[in-house]
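Contents: one structure, followed by commentary.
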Amino acid sequence: MHIADDPAARHPTSTATAANAEPSERDRGDLELVVEGLVEEIDWISTSVAELQRQNGPSTGSVGRLITRLLHTRLLYWLARSPLFSKRRQARFLKSAEKRDPLLLAARVDAFCHDFYARLGANRVIRDYRGSSSLDGALRVTAVVPNYNHAAFLPRRLESILNQTYQFVDIVILDDCSTDNSREIIDDYVARYPDRIRAIYNDTNSGSVFAQWQKGHEAASGDVVWICESDDFCDERFVANAIGSFRDPSVMMAFGRIEFAGADGKVVPGMDLYREESEPGIWKRPLTRPAASWFRGGFGVKNVIANVGGSLWRRFPIDEALWAEARTYRVIGDWFLYAAIASGGQIAYCPGAVAYFCMHGGNTSGKKAQSSPDYYREFSRLMTAIKGRWEIPDTTLERFLESCRSLHRSRRVAVPFEDLLPAAELRAVERRTPHILVGLLGFSYGGGEIFPIHLANALRGLGVQVSVLQMMNAEDHPDVRAMLHPAIPVYGANVLRDMGVRAFLQAAGVSLVHSHFASVERLVLDEGGADIPFVTTLHGSYEAIDLSRKRVQRWAEKIDRFAYTADRNLLPFEGLPGRENQFVKMSNAMPVDRSPYGKTRSELGFDDDTVIFTLVARGIERKGWTETVAALRLLRQRVPTAKVGVLAVGEGPQTDRARELAEADAGIRFLGFVKEIHGVYALSDVALLPTRFAGESYPLCLIQAMQMGIPCVATDIGNIGSMIASDSGPAGELIPYVEDDADYVGALAGAMERLLDPQHRAQLASNARTAARKYDIDALAARYRELYLQVIADRR
């Protein structure tokens, strides 16, 4: 029997009354319940509106109209389950409610996308779509179905996936050497749905459900992974009602309302009580909150995702160490994985997404395990891991222990409970993993934006719990956004504003904020008034933005450490009282990306004898775009026989201005934005950095050039002079900073001319390779981690 997730199914009534029947006393009582329920719905609506605004930002539409529409919709839902009306009339009310429900808009948009593209090309379009990362914003879902001897349940499981109203779902099914006729069933489904289902057959039994999860997860290609145990099933709108949560880039997991079901598919009561015992009063409405809040509450008491098929995971590579640790658990490894996957991000609960946990004779191993002492030792290990990740209050720990103690008592386990879960030892466990919120301006091209992305990635690699605060998203570049590891959640500034900065920091369990742009200070310290360990890396924004000395002083009194890359970063603080050790000099660093650029030198129009100078910069004032064009012309006048060319990488108004000045010069190639910067330098002979930008401090492109063994011609500004220094000599030619354009262009052309000498160029290239050793991103991340821990300790 298939149980649909409609409001009537959530609150079934025992009888149905014909539409023309006279209302009985019981009917009038039911009507009173409807009215009372509508009052409760008003509270639900206010919560839902706040959730919509949190997820989508301020709306230009009328909030009043939205509330009116929500009231109308909720009234229709209640009428759809009122016994005063016939089943037919209830169905009409339900259909009308779903048609008008604003909260189902996301699902309808996704369905529209599917129908529209299906009309354009049916199988071809869907097949092309399934090979791409996304289609018009719709997220792809890969359902992973691990199977072992569940032939009796496989058709129902697969049909419940194939029949999802959200159509962008493909299936990877893994069979672990079943001895029943599972393979025949799988082969039949693959033959019928070759574009949607892929099968993986093991040669030998893995002996581990988590080994199968890992194998399926690694084979998945969707944006979201849905692990579906082969004996369970779900409502046809499960994905549609949960997938919208992932439009918020801070949401790492979503889960729905999980219910018990018998082997025949009929619902078995019990899960409502289970959820209420974990955390009462929260399960009727959608709820999105940071993982730290979930685990300080109900998720720290019970595994509220009691069945993995009731959850969706944002897809990212899960470290082998996490899978290995999960495999050491016999029963609750899924609970461990949920904590690790959610990490510093958010978890969304979507009660409209219903999944069924099938109880039958073949899955009684859990009950048997509950009589074993090892089962309770697993709980002790799990709580130790959870407390190592978040601050878990003693009240939550006590409720967790009582839940375990009650089960231990009912199963009459031979070993005393305190020997298995020693309360005193668990209370003494301290948090080991800080949560660092890295604040940046946005995902746009620039050193102050790209460096914190790479730092966040490196911190994650060191085991730090890290998330990103994004101040602006108006100029996001998808290639820059793709640089951030997908396991790192991203919070928009409006999330903090809507929740309240202090409330957010507490809810998310943030240990320290690491800012890379002054607007982060303005939000967290000024608007939010937060008092939290705070580190700022000065990339030049304090100099570039006209900040008052009063504001700088106010921030300096609240910020624990300033990391600076160039002495010029300290100019805004001159004359201000500073604390001892408040300023720490740190280098910048970059990971080396070995990805090649998409074209060769010859394809770009340059032969091996041409000396290629490469400019990598934002297309803004004083980054050297027009100066490069002028210097190239002057160089040709001075050395007319020289074979020289320029690759110009970047976008912006000054890029357009330089392109106009170049007048289609065949010696200059404007490449626009390029993500394979190392790859472009690999085609080059000399890096150009003719910058006179006021905020120039520690340009990352210079590091990238040296990492590829490329010498430079650069302005002696910021920290560039010390950056290119090495024990064997400088890694390039420095030109003086002068305001006169003619003098500056002359000096730039002169330095470029000197680099035409192959011997001189080779020596500087050797020096560049030596200097590059200073810029190991993992070593720098380790230094920052130590700085964080020291600041956090000083605040205690």
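Under the working numbering, think of the first position of the sequence shown as 104, with each following residue one higher.
The beta carbon of each residue, even a glycine, is placed where N, CA and C say it ideally should be.
Keep in mind that this is a model prediction, so the values were computed, not measured.
Membership of C453 in the beta strand (DSSP E) is indicated by the continuous run Q449 to M462. In this model, D298 and G775 are separated by some 37 Å (Cα to Cα). Under the three-pair Cβ rule at 8 Å, the region 506 to 525 does not count as touching the region 836 to 853.
A residue is called buried once 16 or more other Cβ atoms fall within 10 Å of its Cβ, and T391 is buried on that count.
Checking the DSSP bridge columns, you'll see L540 partnered with S570 and V616. Two segments are said to touch when three or more pairs of C-beta atoms, one from each, lie closer than 8 Å; by this definition the region 505 to 518 does not touch the region 527 to 537.
For D711, the CB contacts under 8 Å within the same chain, skipping 5 residues up- and downstream, are R704 in chain order.
Contact annotation: I771 and A745 have beta-carbon atoms that are not nearer than 8 Å. Judged by their CB atoms, T245 and A343 are not nearer to each other than the 8 Å cut-off. If you compare the alpha carbons of G310, R484, C280 and R502 with that of I303, the shortest gap goes to C280.
In this structure, M693 lies near Y878, with their beta-carbon atoms less than 8 Å apart. Your pair P802 and G413 does not check out as a contact, with CB atoms roughly 49 Å apart and the cut at 8 Å. Rounded to the nearest angstrom, the gap between the Cα atoms of I170 and V354 is 26 Å.
In this structure, P393 is the residue among L883, E660, R739 and P393 with its C-alpha nearest to the C-alpha of H538. Across the structure, R760 and V293 are spaced so that their CA atoms are roughly 56 Å apart. Across the set A445, D290, A621 and E481, the C-alpha of A445 shows the shortest separation from the C-alpha of F349.
In the three-state reduction of the DSSP assignment, C815 falls in the strand class.
A contact is defined here as three or more CB-CB pairs under 8 Å, and the region 558 to 574 fails this definition with respect to the region 308 to 319.
Contact between E332 and N410 is confirmed by a C-beta separation of about 7 Å, below the 8 Å threshold. In this chain, the beta strand (DSSP E) harbouring G595 covers V593 to G595. In the three-state scheme derived from DSSP, where H, G and I count as helix and E and B as strand, T703 is classed as coil.
For K688, the enclosing beta strand (DSSP E) covers residues F686 to K688. In its chain, beyond the 5 residues on either side, V789, A790, L792, L805, A808, I827, A834 and G835 have a beta carbon closer than 7 Å to the beta carbon of C815. Counting along the chain, R725 sits inside no alpha helix (DSSP H), nor does DSSP assign it H or E at all. With a 10 Å radius around the Cβ and a threshold of 16 neighbouring Cβ atoms, H253 comes out buried. In this structure, G566 sits away from A395, with a CB-CB distance that is not shorter than 8 Å. For W438, the enclosing alpha helix (DSSP H) begins and ends at G436 to A445. No residue range can be given for A323, since it is assigned to no beta strand (DSSP E) and is classified by DSSP as neither H nor E.
Judged by DSSP in its simplified three-state form, M575 adopts coil rather than helix or strand. The C-beta of T498 has fewer than 16 other C-beta atoms within 10 Å across all chains shown, which makes the residue exposed. Cβ atoms of V457 and F341 come within 8 Å of each other, at about 6 Å. Under the DSSP assignment, I780 falls in the alpha helix (DSSP H) whose first and last residues are I780 to A785. Cβ contact annotation for V777 (same chain, cutoff 6 Å, sequence separation greater than five): V752 and V783, in chain order. Looking at the DSSP output, I771 sits in a beta bridge with V749.
In the DSSP assignment, L415 falls within the unbroken beta strand (DSSP E) covering S414 to R417.
Within the same chain, Cβ atoms closer than 7 Å to the Cβ of L504 are found at L524 and A526, the five residues on either side in sequence being excluded.
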